[in-house]
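Protein sequences appear in the order of chains A and B. All letters in the first sequence, in the order written, are residues 251 to 336 by the numbering used here. All letters in the second sequence, in the order written, are residues 159 to 729 by the numbering used here.
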Amino acid sequence: MTSSTVKIVHETGLHARPASAFVKLANGFKSRIIVTANGRRANAKSILEILTLGAGKYCELIIEADGEDEREAVKALAEMVTTKME
Amino acid sequence: MIQGVAASPGVALGPAYVLRPADISVGETRIDPSQVENEIGRLEAAIAEAAAQLEALRKAAGEKEAGEILGAQILMLDDPGLTGAIESAVRDEKFSVEWAVQKATEQYAAMLDGLEDEYIRERAADVRDIGRRLIRVLKGLGASGPSLDKPSIVVAQDLTPSETASLDESMVLGIAIDRGSTTCHTAILARAKGIPAVVGAAPVSSGAPTGTTIAIDGTSGTVEIDPSPEAIDRYMAAIEGEKREKARLAATKFLPARTLDDVGIEVSANIGFPGDVPVALGNGAEGVGLFRTEFLFMNRNSPPSEEEQYESYAEALSGMGGRPVVIRTLDIGGDKDIPYLNLPAEMNPFLGWRALRMCLDRPEILRTQLRAIYRASVHGKAKIMFPMVATIEEVRAARDMVAEVTREFDRLGTPYGSGVEVGIMVEIPSAAVMARSLGGAVDFFSIGTNDLTQYTMAVDRTNERVARLYDALHPSVLRLIALVAEGAGANGIWAGMCGELAGDPLATGLLVGLGLTELSVSMPLIPRVKENVRSLTMKTAREIADRVMAMDTAGEIREYLSSTSCARGGK
Numbered sequence: 251m252t253s254s255t256v257k258i259v260h261e262t263g264l265h266a267r268p269a270s271a272f273v274k275l276a277n278g279f280k281s282r283i284i285v286t287a288n289g290r291r292a293n294a295k296s297i298l299e300i301l302t303l304g305a306g307k308y309c310e311l312i313i314e315a316d317g318e319d320e321r322e323a324v325k326a327l328a329e330m331v332t333t334k335m336e
Numbered sequence: 159m160i161q162g163v164a165a166s167p168g169v170a171l172g173p174a175y176v177l178r179p180a181d182i183s184v185g186e187t188r189i190d191p192s193q194v195e196n197e198i199g200r201l202e203a204a205i206a207e208a209a210a211q212l213e214a215l216r217k218a219a220g221e222k223e224a225g226e227i228l229g230a231q232i233l234m235l236d237d238p239g240l241t242g243a244i245e246s247a248v249r250d251e252k253f254s255v256e257w258a259v260q261k262a263t264e265q266y267a268a269m270l271d272g273l274e275d276e277y278i279r280e281r282a283a284d285v286r287d288i289g290r291r292l293i294r295v296l297k298g299l300g301a302s303g304p305s306l307d308k309p310s311i312v313v314a315q316d317l318t319p320s321e322t323a324s325l326d327e328s329m330v331l332g333i334a335i336d337r338g339s340t341t342c343h344t345a346i347l348a349r350a351k352g353i354p355a356v357v358g359a360a361p362v363s364s365g366a367p368t369g370t371t372i373a374i375d376g377t378s379g380t381v382e383i384d385p386s387p388e389a390i391d392r393y394m395a396a397i398e399g400e401k402r403e404k405a406r407l408a409a410t411k412f413l414p415a416r417t418l419d420d421v422g423i424e425v426s427a428n429i430g431f432p433g434d435v436p437v438a439l440g441n442g443a444e445g446v447g448l449f450r451t452e453f454l455f456m457n458r459n460s461p462p463s464e465e466e467q468y469e470s471y472a473e474a475l476s477g478m479g480g481r482p483v484v485i486r487t488l489d490i491g492g493d494k495d496i497p498y499l500n501l502p503a504e505m506n507p508f509l510g511w512r513a514l515r516m517c518l519d520r521p522e523i524l525r526t527q528l529r530a531i532y533r534a535s536v537h538g539k540a541k542i543m544f545p546m547v548a549t550i551e552e553v554r555a556a557r558d559m560v561a562e563v564t565r566e567f568d569r570l571g572t573p574y575g576s577g578v579e580v581g582i583m584v585e586i587p588s589a590a591v592m593a594r595s596l597g598g599a600v601d602f603f604s605i606g607t608n609d610l611t612q613y614t615m616a617v618d619r620t621n622e623r624v625a626r627l628y629d630a631l632h633p634s635v636l637r638l639i640a641l642v643a644e645g646a647g648a649n650g651i652w653a654g655m656c657g658e659l660a661g662d663p664l665a666t667g668l669l670v671g672l673g674l675t676e677l678s679v680s681m682p683l684i685p686r687v688k689e690n691v692r693s694l695t696m697k698t699a700r701e702i703a704d705r706v707m708a709m710d711t712a713g714e715i716r717e718y719l720s721s722t723s724c725a726r727g728g729k
């Protein structure tokens, strides 16, 4: 299992377009990916679960992946969240 | 004439096109276990078809809000939780796929309905929308949505997010629906697409058959079915006027806001994020009169660090070049969920422990914010504003804290901008009444008319039964504004306004005439306010103010102001 703790940089947090982009990216990996924020866990491949996380700007996100491409998955998702997405 | 709710500004006139989607409700239906695989096959085919429909709509909608909503719906169709719930209702409970879809989507929608974030609650409408789309596909019905052969005004009981998102701006002149409020997705999307819209306009959908001429005014919220020839002329003149105004404002928005006798009135932007800065500048903003900082404190489990805050303030300051940026310290209370502040549940949070009074009791929060602002002040022209001030003691306590911060910076050699003005928001009547005295302790006033009006008229503007009492043009509020301007003048400091009244085109001449030298407004309103300033002389502005201050009712005042040049777009 690979895990990484990052802070969301985008102003509106993991809502709207950034949430869609995040979920799309997660779905491209084979691993199981779980995201934890505000004490809640969500399946990174489920848009509904990500939206209900309510993860705003500067929110701390723990990204955990389990599977054959877990390292790439965590790296890619962490990078997306910590770069200004627009 | 139907009085609905103004949802998206503008006037529209044209033939009605009534959208009445077929009733697709499904009753609880069970299937024989032998049919399960067949039902799963139907589900998979329906999901693929629905996704294809949405993808086609999304391509047509492009990159903006409408495209985002459709894109999110496509992802929802793929959501493992949702599809898993539908599938298990079929496999395990032997429900028909139509009923499984209806049950599962309604369950998810109900769950989202219950969450506190408004954005998330709106997504419940999206979940119901895809449920309906799937059921329509399963029943062999085409997608719902208008098929317009000529530019029309779309009329319906309600519109789903995807129906609104897929409206073609070139064919849809306007929208009128029976249900909805100013924050419903139809209103939001209509505003984003620049289509006039009226919501909450029942019973329009049963009163205007397809083909009837209908006029809507998205600014006043009215709908008129089959207007008379005279009325039609008026509507057409209004539409022409709007087109001309739009073009005029686009051409003049970067001209400075100086009166005909060359007095400069600073027209600034109210912003909520550093990312708003380019939009503000693009609208001709001459500064930022209100930089709300609450975004830094919300949606997190611990307070923002000094470094995090510094980065945001620095970004806004450098983005605005040398133009002033008034940063308001934390203005929040028990009505919002901020776990790490441990705000107590109060009977009346709006009269309670919030904003500055809370921050003075929590010096570590305020001090960190002040340190971040001062460090960032090297990047531009920062000004600090304290919200919800009621007494001069609060001002002195806050300024003492500022002095502590700068003394420490002096000792450590930490650089900070020189001449950072420290002022207050005047939104509590006591501060307005005592403006002359407070003026000796601050560098400026900025009037927050929204709360000032609520406190003065004792009215909650969101309470439908009494909302009519909420009027910033009530003479009592204007007298408080006048007191603030006088108090500023007596102390040689400036007074401006960041409340909604500053952006009301009727009020520009009045506010300038009362002595305000800065008007900070929401970004789209900047060009119009600047144009209004350019139409005035200080003499005219003072005359307007004198006449208004002799009136007793908001109605009279509004009627008079509607006759001034500011109401006519500066002509």
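We put the beta carbon where it would ideally sit given N, CA and C, even for glycine. Computed from a prediction, not measured in an experiment: that's the story for all the values here.
Asked: Proximity to Leu683/B [Cα-Cα], best of Ala699/B, Val642/B, Gly442/B; Found: Gly442/B
Asked: Pair within 8 Å by beta-carbon distance, Met655/B and Leu669/B; Found: yes
Asked: Reduced DSSP secondary structure (H/G/I, E/B, other) of Ile684/B; Found: helix
Asked: Identified DSSP bridge partners for Gln161/B; Found: Thr380/B
Asked: Collapsed DSSP secondary structure at Pro432/B in the structure displayed; Found: helix
Asked: Residue range of the unbroken beta strand (DSSP E) whose run includes Pro482/B; Found: 482 to 486
Asked: Ile353/B versus Gly332/B, Ile346/B, Ala360/B, Ile582/B, residue with shortest Cα-Cα distance; Found: Gly332/B
Asked: Contacts that Gly317/A makes with chain B (C-beta to C-beta distance below 9 Å); Found: Per Cβ cutoff of 9 Å: no residues; Gly317/A is ~15 Å from chain B at best.
Asked: Below-8 Å beta-carbon distance, Leu273/B vs any chain A residue; Found: yes
Asked: Contact residues within the segment 317 to 331 of chain A, judged by C-beta distance below 9 Å to chain B; Found: none
Asked: Residues that Tyr266/B contacts on chain E, provided the C-beta gap is smaller than 9 Å; Found: Going by chain labels, chain E is absent from the structure shown, which instead holds the protein chains A and B.
Asked: Residue-level contact to chain B via CB, Ser243/A, 8 Å cutoff; Found: The question about residue 243/A has no answer, for chain A in this structure spans 251 to 336.
Asked: Span of the alpha helix (DSSP H), counted from its first residue to its last, around Tyr532/B; Found: 521 to 534
Asked: Supposed contact pair Glu644/B and Ile423/B - C-beta distance, whole angstroms, cut 8 Å; Found: Not confirmed; about 18 Å, so no contact.
Asked: Alpha-carbon spacing of Ser305/B relative to Thr410/B, whole angstroms; Found: 38 Å
Asked: Own chain, CB closer than 7 Å to Val437/B, minus 5 neighbours either side, in chain order; Found: Met681
Asked: Interface positions of the segment 468 to 494 of chain B facing chain A (Cβ-Cβ less than 8 Å), listed along the chain; Found: none
Asked: Pairwise C-alpha distance: Ala294/A and Glu336/A; Found: Only weak support is given to the placement of Glu336/A: the predicted model assigns it a pLDDT of 45, under 50, and the value that follows is read from those uncertain coordinates. Spanning the two alpha carbons is a distance of roughly 20 Å.
Asked: Cβ pair count under 8 Å reaching 3, the segment 439 to 453 of chain B against the segment 500 to 515 of chain B; Found: no
Asked: Where Ser311/A meets chain B, residues with beta-carbon distance less than 8 Å; Found: The sequence shown places Leu at residue 311/A, not Ser. Ordered by position in chain B, no residue passes the 8 Å Cβ test against Leu311/A, which lies about 11 Å from the chain.
Asked: Unbroken beta strand (DSSP E) run spanning Leu331/B, endpoints; Found: 330 to 335
Asked: 8 Å Cβ cutoff, Val339/A in contact with chain B; Found: Residue 339/A is absent from the model: chain A starts at 251 and stops at 336.
Asked: Chain A contacts made by the segment 214 to 234 of chain B, where a contact means CB separation under 8 Å; Found: Glu226, Gly229, Ala230, Leu233, Met234
Asked: C-alpha gap between Ala164/B and Phe602/B, whole angstroms; Found: 35 Å
Asked: Environment of Lys222/B [buried if 16+ CB atoms lie within 10 Å]; Found: exposed
Asked: From Lys494/B, Leu499/B, Leu439/B, residue whose alpha carbon lies closest to that of Arg481/B; Found: Leu439/B
Asked: Chain B contact for Gly278/A (CB, 8 Å cutoff); Found: no
Asked: Beta-carbon contacts of Pro319/B that lie in its chain and below 6 Å, excluding the five residues immediately before and after; Found: Ile227, Ala283, Asp284, Asp287, His343
Asked: Under 8 Å between C-beta atoms of Leu171/B and Met329/B; Found: no
Asked: Chain B contact residues for Thr302/A, given Cβ-Cβ distances below 9 Å; Found: Met269, Leu270, Leu273, Asp275, Ile278, Arg281
Asked: Cβ pair count under 8 Å reaching 3, the segment 573 to 587 of chain B against the segment 598 to 612 of chain B; Found: yes
Asked: Beta carbon of Ile244/B nearer than 8 Å to that of Leu212/B; Found: no
Asked: Length at least 3, wholly inside the segment 582 to 608 of chain B: the beta strand (DSSP E) runs in chain order; Found: 602 to 605
Asked: Residues that Ser166/B bridges to, as DSSP identifies them; Found: Ala355/B
Asked: Chain B residues whose Cβ lies nearer than 8 Å to that of Val273/A; Found: Leu233
Asked: Assigned exposure category for Pro685/B - 16 Cβ within 10 Å defines buried; Found: buried
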